[in-house]
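Engineer: Quick one: structure below, then a few questions.
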Ligand SMILES: *Cc1c(COP(=O)(O)O)cnc(C)c1O
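Residue numbers (my numbering): 73 to 471.
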């Protein structure tokens with residue numbers, strides 16, 4: 073078997089890159105996977121080596137063969153200039169933002185962002201003198217009107233956490249780049265396989281690897297990919313923060329990554345089937361899934377995305393809380409819990425009204441976010457059908 077070069081890997085399709093990138097059996101006695109290196113100190117064989125730092129690794133915090141394997145594999149699918157590894161998705165968000173902002177700067181943040189990202193801006197960034205303005209996620213090129221002379225970064229997340237607005241990132245990036253602002257995107261939903269974030273205009277692309285990269289609900293992890301413009305500052309910030317990642321966690325993400333393409337295709341297929349079925353149920357007012365023709369962002373979705381994944385939301389008919397509880401409490405296959413992206417299905421109620429500031433959230437009924445896992449889709453449908461029947465019965469009882 074011939075050793076693949078970096079050029080070979082770049083010439084391969086993404087699904088193949090996901091399998092081969094970051095693997096060096098020739099350096100691991102032929103073993104298919106890179107070993108898990110636990111370590112702090114890295115010994116130098118000679119004084120000259122120590123002074124010249126000719127070795128690839130210098131200290132456990134800065135890197136290891138295990139970390140390099142994951143960095144290479146994520147870089148191969150992100151298509152940027154380099155990747156840093158973080159101990160959670162939120163740590164990746166914070167590292168990316170800190171790498172491109174300083175006191176006195178202004179940040180534009182999508183109103184539909186992940187809740188803890190919003191908390192980081194309103195607390196931490198504010199305390200360090202960065203001002204945040206929230207914008208309507210569907211603003212597109214209209215973002216121009218919100219740019220100030222000190223706007224250094226525009227943050228996007230598409231689709232919106234919970235509410236699934238699709239953003240026109242190429243249009244936003246064109247405006248932001250004309251004013252020299254950095255464009256960030258939280259690309260956790262689509263992953264680099266279904267949304268090539270750098271190609272669409274993002275300088276920094278964030279993954280909560282806790283979700284689909286890991287894929288098994290057994291690890292917290294995050295990655296940030298940067299283009300050549302933003303990589304030096306990202307690496308410096310990552311280093312200064314003393315970021316450490318646990319080698320066993322790196323191994324779990326690498327293991328998950330190798331099967332991500334087939335998992336995503338299965339999530340996609342089942343989620344689409346259930347979204348279409350749910351759209352026809354009388355208890356469901358609306359399904360918020362960008363791959364459905366009825367979704368307001370569907371045209372941009374078709375233009376920019378290569379696929380959809382397992383997460384979407386539904387808006388139910390107006391009903392008292394007891395009816396929502398009846399639906400959720402009796403579910404046998406859909407667990408109720410935060411996070412998503414594992415092999416298992418989840419259902420969680422949500423309400424964006426309490427924190428939105430640039431847009432109003434008033435869906436006209438209870439909202440539930442579903443993660444469609446890898447169970448048989450007919451079993452999932454039966455579980456949801458029984459839940460909707462309980463919802464109807466509880467509604468009729470309350471009326
Ligand atoms: C879960 C999530 C995060 C945070 O990831 P953690 O690993 O839980 O810290 C960030 N962004 C999005 C969109 C997420 O869904």
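For every residue, glycine included, the Cβ atom is placed at its ideal position computed from N, Cα and C.
Report the option in 447, 461 and 421 whose CA atom is closest to the CA atom of residue 234.
Structural biologist: In the chain shown, the residue the question calls residue 234 occupies position 162. The shortest C-alpha separation from residue 234 is found at 421.
Engineer: With C-beta atoms as the reference, is residue 96 less than 8 Å away from residue 88?
Structural biologist: Along the chain shown, one-based indexing puts residue 96 at 24. Along the chain shown, one-based indexing puts residue 88 at 16. No, the pair does not count as a contact, with Cβ atoms beyond the cut-off.
Engineer: Output needed for residue 136: all residues of its chain with C-beta closer than 7 Å, excluding positions within five of it in sequence on either side, in chain order.
Structural biologist: Here residue 136 refers to the residue found at position 64 when the chain shown is read from its first residue. Result list for residue 136: 109, 111, 129 and 319, in chain order.
Engineer: Leaving out the 5 sequence neighbours to the left and right, which residues in its chain are closer than 6 Å to residue 335 when beta-carbon positions are compared?
Structural biologist: Taking the chain shown and counting its residues from 1, one reaches residue 335 at position 263. The answer, listed in chain order, is 287.
Engineer: For residue 462 and residue 388, which I take to be in contact (beta-carbon distance under 8 Å), what is that distance rounded to the nearest angstrom?
Structural biologist: In the chain shown, residue 462 corresponds to position 390, counting from 1. In the chain shown, residue 388 corresponds to position 316, counting from 1. In fact, because the Cβ distance is near 12 Å, the residues do not count as touching under 8 Å.
Engineer: Taking 7 Å as the cut-off, is the CB of residue 254 close to at least one heavy atom of ligand 1?
Structural biologist: Position 182 of the chain shown, counted from the start, is the residue given in the question as residue 254. The answer is no for residue 254.
Engineer: Going by C-alpha to C-alpha distance, which of 212, 186 and 225 sits closest to residue 177?
Structural biologist: In the chain shown, the residue the question calls residue 177 occupies position 105. Selected option, being the one with the closest Cα: 225.
Engineer: Just to confirm my understanding: we take residue 402, look at its own chain, exclude 5 residues before and 5 after, and list those with CB closer than 8 Å. What are they?
Structural biologist: Residue mapping note: residue 402 aligns to position 330 of the chain shown, counting from 1. 458, 459 and 462, listed in sequence order.
Engineer: Do the CB positions of residue 90 and residue 329 come within less than 8 Å of each other?
Structural biologist: One-based indexing of the chain shown puts residue 90 at position 18. One-based indexing of the chain shown puts residue 329 at position 257. Contact flag set, yes.
Engineer: Grab me the residues of residue 323's own chain with a C-beta within less than 7 Å of its C-beta, minus the 5 sequence neighbours each way, in chain order.
Structural biologist: Here the question's residue 323 lines up with position 251 in the chain shown. 108 and 138.
Engineer: Alpha carbon to alpha carbon, how far is residue 379 from residue 276? Give it in angstroms, no decimals.
Structural biologist: Walking along the chain shown from the start, residue 276 turns up at place 204. Walking along the chain shown from the start, residue 379 turns up at place 307. Going from the Cα of residue 276 to the Cα of residue 379 covers about 21 Å.
Engineer: I think residue 142 touches residue 325, with their Cβ atoms under 8 Å apart; what is that distance to the nearest whole Å?
Structural biologist: The residue given as residue 142 occupies position 70 in the chain shown. The residue given as residue 325 occupies position 253 in the chain shown. Indeed they touch by this definition, with Cβ atoms about 6 Å apart.
Engineer: Check for me: the beta strand (DSSP E) holding residue 421 runs from which residue to which?
Structural biologist: The residue labelled residue 421 in the question sits at position 349 within the chain shown. Per DSSP, residue 421 belongs to the beta strand (DSSP E) from 418-422.
Engineer: Got a sec? Which residues, its chain only, sit under 8 Å from residue 114 by beta carbon, not counting five neighbours each side?
Structural biologist: Here residue 114 refers to the residue found at position 42 of the chain shown. Hits under 8 Å: 127, 129, 130, 131 and 132.
Engineer: Which of helix, strand or coil does DSSP assign to residue 118?
Structural biologist: The residue given as residue 118 occupies position 46 in the chain shown. Coil.
Engineer: Give me the Cβ distance between residue 160 and residue 306, rounded to the nearest whole Å; I'm assuming they're in contact under 8 Å.
Structural biologist: Along the chain shown, read from residue 1 onward, the residue named residue 160 stands at position 88. Along the chain shown, read from residue 1 onward, the residue named residue 306 stands at position 234. No, residue 160 and residue 306 are not in contact; Cβ-Cβ is about 17 Å, not under 8 Å.
Engineer: Any idea if residue 174 is buried or exposed, counting beta-carbon neighbours within 10 angstroms, 16 or more meaning buried?
Structural biologist: Residue numbering aside, residue 174 sits at position 102 when the chain shown is read from its first letter. Under this definition residue 174 is an exposed residue.
Engineer: In chain order, what residues of the same chain have a beta carbon less than 8 Å from the beta carbon of residue 332, not counting five sequence neighbours either side?
Structural biologist: Walking along the chain shown from the start, residue 332 turns up at place 260. Closer than 8 Å at Cβ, skipping near neighbours: 90, 263, 265, 284, 285 and 287.
Engineer: Which residues mark the beginning and the end of the alpha helix (DSSP H) in which residue 203 is found?
Structural biologist: Residue mapping note: residue 203 aligns to position 131 of the chain shown, counting from 1. Note, residue 203: premise wrong, no alpha helix (DSSP H); beta strand (DSSP E) at 203-207.
Engineer: Here's a check: name, in chain order, each residue in its chain whose Cβ is nearer than 7 Å to the Cβ of residue 313, leaving out the five neighbours to either side.
Structural biologist: Taking the first residue of the chain shown as position 1, residue 313 is located at position 241. Once the five neighbours on either side are set aside, the close Cβ partners of residue 313 are 167.
Engineer: Taking the alpha helix (DSSP H) that residue 335 falls in, what are its first and last residues?
Structural biologist: Here residue 335 is taken as the residue at index 263 of the chain shown, counted from 1. Where residue 335 is concerned, the enclosing alpha helix (DSSP H) stretches over 332-351.
Engineer: Of all the options 425, 165 and 353, which has the alpha carbon lying nearest to the alpha carbon of residue 280?
Structural biologist: Position 208 of the chain shown, counted from the first residue, corresponds to residue 280. The candidate whose alpha carbon is nearest that of residue 280 is 165.
Engineer: Tell me whether residue 169 is buried or exposed, calling it buried when 16 or more other Cβ atoms sit within 10 Å of its Cβ.
Structural biologist: The residue you call residue 169 lines up with position 97 of the chain shown. Per the 10 Å Cβ criterion, buried.
Engineer: For residue 451, verify whether its CB is less than 7 Å away from any heavy atom of ligand 1.
Structural biologist: Sequence index remark: in the chain shown, residue 451 carries index 379 (1-based). Checking every heavy atom of ligand 1 against the Cβ of residue 451, none is found closer than 7 Å.
Engineer: Give me, in chain order, the residues of the same chain whose beta-carbon lies closer than 6 Å to that of residue 186; leave out the 5 immediate sequence neighbours on both sides.
Structural biologist: Taking the first residue of the chain shown as 1, we reach residue 186 at position 114. Answer for residue 186: 233, listed in chain order.
Engineer: When the distance is taken between beta carbons, is residue 251 closer than 8 Å to residue 219?
Structural biologist: Against the chain shown, residue 219 aligns to sequence position 147. Against the chain shown, residue 251 aligns to sequence position 179. Cβ atoms of residue 219 and residue 251: closer than 8 Å.
Engineer: I want to check one thing, is the minimum distance from the CB of residue 275 to the heavy atoms of ligand 1 below 7 Å?
Structural biologist: Here the question's residue 275 lines up with position 203 in the chain shown. No, Cβ of residue 275 sits at least 7 Å from all heavy atoms of ligand 1.
Engineer: Is the closest heavy atom of ligand 1 to the C-beta of residue 472 under 7 Å?
Structural biologist: The chain is shown from 73 up to 471; residue 472 falls before or after that span and cannot be answered.
Engineer: Assign residue 377 to one of two classes, buried (16 or more other C-beta atoms within 10 Å of its C-beta) or exposed (fewer than that).
Structural biologist: Translated into positions along the chain shown, residue 377 becomes position 305. Residue 377 comes out buried.
Engineer: Could you pull the DSSP bridge partners for residue 297 from this structure?
Structural biologist: Taking the first residue of the chain shown as position 1, residue 297 is located at position 225. DSSP, once it has assigned bridges, lists 155 and 277 as partnering residue 297.
Engineer: For the alpha helix (DSSP H) containing residue 447, list its first residue and its last residue.
Structural biologist: Mapped onto the chain shown, residue 447 falls at position 375. Taken as a continuous stretch (DSSP letters only), residue 447 belongs to no alpha helix (DSSP H), as it is neither H nor E.
Engineer: Under the three-state reduction of DSSP, which class applies to residue 99: helix, strand or coil?
Structural biologist: Translated into positions along the chain shown, residue 99 becomes position 27. Residue state, collapsed to three classes: helix.
Engineer: Helix, strand or coil for residue 108? Go by DSSP, reduced to three states.
Structural biologist: Walking along the chain shown from the start, residue 108 turns up at place 36. Looking at residue 108 - three-state DSSP - the assignment turns out to be coil, as it is neither helix nor strand.
Engineer: Apart from the five residues on each side of it in sequence, which residues of its chain come closer than 7 Å, Cβ to Cβ, to residue 384?
Structural biologist: Residue mapping note: residue 384 aligns to position 312 of the chain shown, counting from 1. Contacts found: 236, 343, 347, 359, 360, 361 and 442.
Engineer: Assuming residue 296 and residue 202 are in contact, meaning their beta carbons sit under 8 Å apart, how far apart are those beta carbons, in whole angstroms?
Structural biologist: Here residue 296 refers to the residue found at position 224 when the chain shown is read from its first residue. Here residue 202 refers to the residue found at position 130 when the chain shown is read from its first residue. In fact, because the Cβ distance is near 18 Å, the residues do not count as touching under 8 Å.
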